[in-house]
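In the UniProt record's numbering, the protein residues as written are 1 to 77.
Heads up, the beta-carbon is just placed ideally off N, CA and C, and yes, glycines get one too.
This one's a predicted model, so the numbers in the text were calculated from it and none came from an experiment.
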Amino acid sequence: MSAPVSLAKSPVSTETDLDRVYLRSASEASLNREARSTYAALDRGTAQDGDAEYYQALRCELAWRGMAAAHPMFAKI
Numbered sequence: 001m002s003a004p005v006s007l008a009k010s011p012v013s014t015e016t017d018l019d020r021v022y023l024r025s026a027s028e029a030s031l032n033r034e035a036r037s038t039y040a041a042l043d044r045g046t047a048q049d050g051d052a053e054y055y056q057a058l059r060c061e062l063a064w065r066g067m068a069a070a071h072p073m074f075a076k077i
C-alpha cells in the first residue's frame, strides 16, 4: 500500500486544479437544472423578461466549462 499524498508537499497548481475540478462538477449540476427549468418556462410560454438571454448565458457557461474540461488551454483563460 502506498503512502498517502500530502497536498502541502504538492505544487500549488495541483491543489488549484483539484479545486477547479471539484467546483466545476459541483456547480455544473446546478447550472444544468437551472437551464432545464428556464428552457421549460420558455417552451411553455411562461418565461419572464430576460429569461431567453439568461438561458443563452447558462448554455454558454456550460459549453465553456465543457471546453475547459476537455482541453487545458481553455482552463487557463
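With distances taken between CB atoms, is the gap from residue i to residue j smaller than 8 angstroms?
i	j	result
LEU62	LEU31	yes
TYR54	TYR39	no
Tell me the residue span of the alpha helix (DSSP H) that contains residue i.
i	result
GLY45	Counting along the chain, GLY45 falls outside any alpha helix (DSSP H), and DSSP gives it neither H nor E.
Thinking residue i and residue j are a contact (beta carbons under 8 angstroms), I'd like their distance in whole angstroms, please.
i	j	result
ALA35	ARG59	6 angstroms
Grouping DSSP H, G and I as helix and E and B as strand, with all else coil, what is residue i?
i	result
ASP49	coil
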